[in-house]
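No gaps in the numbering here: position 6 of the sequence shown is 6 in my numbering, and each next residue is one more. Below is one structure, written out as structure tokens; comments come after it.
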Amino acid sequence: MSAPIQGTVAAGYEPIRSVFEAAFDGAPSMGAALAILVDGEVVVNLYGGIADERDGRRWDEDTASVVFSCTKGLMSLLVARLVEAGRLDYDAPVARYWPEFAAAGKGAVTVAEALSHRAGLSAPREDFELADILDWHAATSKLAAQAPLWPPGGGYAYHALTHGWLAGELVRRVTGQSPGAYFRETIAPLGAEAWIGLPRSRGNVAHLQVASELAALWEMDASKAVAGEVNWPYRAMTLGRALPAALVTSDGGFNDRRVQQAEIPGAGGIATAKGLATIWSAAVTETRGVRLASAEVLQRATATVTEGAPVFPAEPPYPRWGMGFQLDSEARRFLTAESFGHDGAGGQVAFADPRHRVGFAFITNWMRGPGDTRGTALVDALRQLLGAS
Numbered sequence: 001m002s003a004p005i006q007g008t009v010a011a012g013y014e015p016i017r018s019v020f021e022a023a024f025d026g027a028p029s030m031g032a033a034l035a036i037l038v039d040g041e042v043v044v045n046l047y048g049g050i051a052d053e054r055d056g057r058r059w060d061e062d063t064a065s066v067v068f069s070c071t072k073g074l075m076s077l078l079v080a081r082l083v084e085a086g087r088l089d090y091d092a093p094v095a096r097y098w099p100e101f102a103a104a105g106k107g108a109v110t111v112a113e114a115l116s117h118r119a120g121l122s123a124p125r126e127d128f129e130l131a132d133i134l135d136w137h138a139a140t141s142k143l144a145a146q147a148p149l150w151p152p153g154g155g156y157a158y159h160a161l162t163h164g165w166l167a168g169e170l171v172r173r174v175t176g177q178s179p180g181a182y183f184r185e186t187i188a189p190l191g192a193e194a195w196i197g198l199p200r201s202r203g204n205v206a207h208l209q210v211a212s213e214l215a216a217l218w219e220m221d222a223s224k225a226v227a228g229e230v231n232w233p234y235r236a237m238t239l240g241r242a243l244p245a246a247l248v249t250s251d252g253g254f255n256d257r258r259v260q261q262a263e264i265p266g267a268g269g270i271a272t273a274k275g276l277a278t279i280w281s282a283a284v285t286e287t288r289g290v291r292l293a294s295a296e297v298l299q300r301a302t303a304t305v306t307e308g309a310p311v312f313p314a315e316p317p318y319p320r321w322g323m324g325f326q327l328d329s330e331a332r333r334f335l336t337a338e339s340f341g342h343d344g345a346g347g348q349v350a351f352a353d354p355r356h357r358v359g360f361a362f363i364t365n366w367m368r369g370p371g372d373t374r375g376t377a378l379v380d381a382l383r384q385l386l387g388a389s
């Protein structure tokens, strides 16, 4: 390993450090961080490796990184707060808050269906360009006008990027603030370093790299169209021409500063591990004097809405979702069956656990694909220490 592991581990949590160190095996230019809070207190805060392989900059405590779909969990938390405040209703049509969304037969799509990947808008029918994802109005207007890919509510497909604009426009319509601004206002009392739309003044962001096996997998996905049919799951990731197949290139995709500064709430969140874990801790227990959501609204928000095989064929195991929150499943093991949060492309894992009052975040710039056990091994080690099941 070219850069040492740094940080702190509370008494009793020492085995976590060994598992974190093992995550770097075979990846000399990898950087990563892990933060765990229990009962609102930091018990693990580890970081190390390389933040930017181009100049050898080390990953330090303040290094932030793109957390990809972990951002969906943060957006789902914002929506839950608005439901708790009576400003949104999971059972109401999206069009109640966003009238233009009723176009092309979507008038009956509910907030719950939009959040749980059932709206029929997992991918665009017409190509998005890079300019579209940098322009909030352009992205949301295109989705509002689009006819669904399948009868809404009749099945699901993962809304890899479009989910963020659906949830984010709901937030914008009822608060009058962009989702990034409302997010920052919400978490400000926590002092957590996390953004949906990176401030221009914020540096020290990790440079993302894609492991060869993941790049090969995504390139293979690009060729899976059969007899001229569109590969909708692949299109959900790239949005047509807006993003590269592997989501990043050396200076493109989510390594592009313009993309990082845009509000892309389906995958564009940027955070430190400690910031992300602090937010999830505050979702289930008072943390720095803040509780972000009540147990009552979270019980509703984390009830299973979507599970099983999707509309477009995919290999099991299949994920499980509530009102936008990813839930514990064979596809993504969290701490207990009550845990909720969201993972992210390349190995990111972030969640809360109400039973053990845990906030957890593992982030990395070394993106791996199927078979990646780094985050899972860390969760397993924590489960063993806590005697969780």
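Each residue gets a CB set at the ideal place from its N, CA and C atoms; glycine is no exception.
- Listed in chain order, the non-local C-beta contacts of residue 289 below 8 Å within the same chain comprise 189, local neighbours out to five positions each way being set aside.
- In the three-state scheme derived from DSSP, where H, G and I count as helix and E and B as strand, residue 305 is classed as coil.
- Across the set 342, 346 and 354, the C-alpha of 354 shows the shortest separation from the C-alpha of residue 336.
- Taking the Cα positions, residue 69 is about 25 Å away from residue 151.
- Counting C-beta pairs closer than 8 Å gives fewer than three between the region 75-93 and the region 369-377, which falls short of the contact rule.
- Between residue 165 and residue 143, the C-beta spacing is below 9 Å.
- The region 110-173 contains no complete beta strand (DSSP E) run of 3 or more residues.
- Of the candidates 245, 198 and 206, the residue whose Cα lies closest to the Cα of residue 214 is 245.
- Within the region 244-329, the complete beta strand (DSSP E) segments at least 3 residues long are 269-271, listed from N- to C-terminus.
- The beta carbons of residue 147 and residue 197 sit about 29 Å from each other, so the pair does not count as a contact at 8 Å.
- In the DSSP assignment, residue 58 is bridged to 50.
- In the DSSP assignment, residue 177 falls outside any beta strand (DSSP E), carrying neither H nor E.
- Put simply, the backbone Cα of residue 241 is about 36 Å away from that of residue 20.
- Look at the beta carbons and you see the region 71-88 touching the region 320-333: at least three pairs across the two are nearer than 8 Å.
- A direct Cα-Cα distance of roughly 15 Å separates residue 344 from residue 218.
- In the DSSP assignment, the residues bridged to residue 367 are 210.
- Secondary structure note for residue 37: its beta strand (DSSP E) is the uninterrupted segment 31-38.
- Where residue 66 is concerned, the enclosing beta strand (DSSP E) starts and stops at 65-68.
- Here residue 218 carries a helix assignment [DSSP, helix/strand/coil].
- Spanning the alpha carbons of residue 383 and residue 389 requires a straight line of approximately 7 Å.
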